[in-house]
Amino acid sequence: YDIRGAGAKRKVPHFDDLLFLGASISRYPLEGYRERCDTNVVLGSRHAKKPIELKIPITIAGMSFGSLSGPAKEALGRGATLSGTSTTTGDGGMTEEERGHSKTLVYQYLPSRYGMNPRDLRRADAIEVVVGQGAKPGGGGMLLGQKISDRVAEMRTLPKGIDQRSASRHPDWTGPDDLEIKILELREITDWEKPIYVKVGGARPYYDTALAVKAGADVVVVDGMQGGTAATQEVFIENVGQPTLACIRPAVQALQDLGMHRKVQLIVSGGIRNGADVAKALALGVDAVSIGTAALVALGDNDPRWEAEYNALGTTAGAYDDWHEGKDPAGITTQDPELMKRVDPIAAGRRLANYLKVMTLEAQTIARACGKNSLHNLEPEDLVALSIEAAAMAGVPLAGTNWIPGKNGF
């Protein structure tokens, strides 16, 4: 079967199918140059002694050292720190570059347990228990042998140069009751300081969110099928999971039904590209979003200056997704020592910070136009949908009507 990176490329309803209703007579807009629009968010306030306080509601998703190069991981940490947000380790353990340059670092606790150790759990600012990813809910990851260098092999306790497949489920728990015990173990080993996230792929978001809350999660992360992966089967990427847009409302509904909306924070990822996507996700009820592929592009992946080398690989800048091959001309998704030298972590971090700043400003611009002095005051009432499918998934009216498909039996 064919293997590739990134997320689903098939056409599915997405944030582009939603529009905001800006203020006019019935709503009072805010002046962008004189009136504030808050962007900060607190994550993990349910149980953790030290919840995370971020300046913006856009975080960097987990991407492993192994799938990404060391300089790329450092650049993610630098960019997130400049922007006042968090980055996430991904599979394979914590690198010193990433910890050293990340003011706020979330440590992913995955089924593989690669690189996991109590010391790094305590060094992290939050812990994310990964149950699944949007690109492959129910499936494990892949890291082909050409990317398992001496350092990657040592961190993961693997033989160098041999293909590895990560487990699809955790080895020491099988259901929500066991997850509750595991979360308690993680709290005890970190003295109840660190927020505990639970990340699920977008398969059954209502029940998965409810069970994560029952198990004691401080934060729930829901990843839709447009969320990327370093490598998995293409047939899996395109045919398993649900669109991000379809995952948000059920997850929010679960929190509301439990009386935990805004008490347990919800992060959504999968296909977030710009400030409008951020604003729409927040309007539908999430507390923050997470970006992965977009962050890599901001660092310099698919840079047109390497067009000739992309062509030699049989692709073009902007379409390269064979991250598993370890031949990325930009030096970001590779372990090739010569290619890695092309990544300047300082410059790449600044590019990421600029991207995050623009995304935030775009979201603020939209919020002010809707009369909101905080991104978190956006609500479904501010949205309409352009298609019946998007209206049904998002739970907002079809544009020009007051009809929400599926509501009240219609």
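For the numbering used here, count along the sequence shown from 1 and bump the result up by 130. Just so you know, even glycine gets a beta-carbon here, dropped at the ideal spot from N, CA and C. Predicted model only: the values in this text are computed from it and were never measured.
Residue i to residue j span [Cα, whole Å]
i	j	result
Ala347	Lys410	24 Å
Ala529	Gly137	29 Å
Val488	Asp302	42 Å
Thr215	Arg253	17 Å
Lys537	Pro527	10 Å
Glu258	Leu469	31 Å
Ala522	Tyr440	40 Å
Val514	Trp533	10 Å
Pro267	Pro241	13 Å
Phe145	Pro289	43 Å
Gly271	Asp293	11 Å
Phe540	Gln395	31 Å
Ile496	Gly358	27 Å
Val365	Tyr158	48 Å
Gly223	Gly245	4 Å
Gly192	Ala425	11 Å
Asp512	Asp451	36 Å
Ile313	Gly152	42 Å
Ala520	Gly415	16 Å
Burial state of residue i, where buried means 16 or more other Cβ atoms lie within 10 Å
i	result
Val142	buried
Arg140	exposed
Val311	Looking at the sequence shown, residue 311 is not Val but Ile. Burial call: exposed.
Asn247	exposed
Ala438	exposed
Gly230	exposed
Ala345	buried
Val236	buried
Glu228	buried
Lys502	buried
Ser154	exposed
Pro434	exposed
Ala442	exposed
Asp458	buried
Proximal residues to residue i (C-beta, below 7 Å), its chain only, five neighbours per side dropped
i	result
Gln465	Ser199, Lys277, Ser279, Val282 and Gly456
Thr490	Thr169, Ile186, Ile188 and Gly405
Pro325	Leu173, Gly174, Ala178, Pro181, Ile182, Ala256, Asp348 and Val349
Leu341	Pro306
Thr225	Phe195, Gly200 and Lys203
Arg481	Ala428, Leu429 and Gly430
Ala384	Tyr336, Thr339 and Ala340
Thr211	His231, Ser232 and Lys233
Residue(s) in a DSSP beta bridge with residue i
i	result
Met489	The partner list for Met489 (beta bridge, DSSP) is empty, contrary to what the question assumes.
Tyr327	Glu258 and Val349
Tyr239	Val259
Gly192	Thr218
Ile182	Leu173
Met272	Arg295
His231	Per DSSP, none; premise fails for His231.
His391	Val394
Ala418	Ile397
Phe150	Leu513
Arg134	Thr362
Ser504	Asp168
Met198	Sequence inspection shows Leu at residue 198; the Met mentioned does not correspond to that position. Answer is Phe195.
Leu206	Partner(s): none; Leu206 has no beta bridge.
Leu528	Ala515
Close Cβ partners of residue i (< 6 Å) along its chain, the five nearest in sequence each way excluded
i	result
Trp453	Gly135, Ala360 and Thr463
Val351	Tyr327, Lys329 and Ile397
Pro380	Pro335 and Tyr336
Gly331	Gly262, Gln263, Gly264, Pro267, Asp353 and Gly371
Gln386	none
Cys377	Gly332, Pro335, Val352 and Gly354
Chain-order list of residues whose beta-carbon lies under 8 Å from that of residue i (same chain, five-residue window excluded)
i	result
Val473	Ser199, Pro201, Ala202, Ala205, Leu429, Gly430, Ala460, Gly461 and Ile462
Glu368	Ala138, Lys139 and Arg140
Leu184	Asn170, Val171, Val172, Leu173, Gly214, Thr215, Ser216, Thr234 and Ala418
Leu316	Tyr239, Leu251, Ile257, Val259, Lys324 and Ile326
Asp308	Asp302
Leu505	Cys167, Asp168, Thr169, Pro187, Val408, Ala409, Leu412, Ala493, Gln494 and Ala497
For this session: For the stretch 426–474, list the alpha helix (DSSP H) runs that are entirely contained and at least 4 residues long, ordered along the chain.
Result: Counting only runs of 4+ residues, the alpha helix (DSSP H) found wholly inside the stretch 426–474 occupies 437–442 and 467–470, in chain order.
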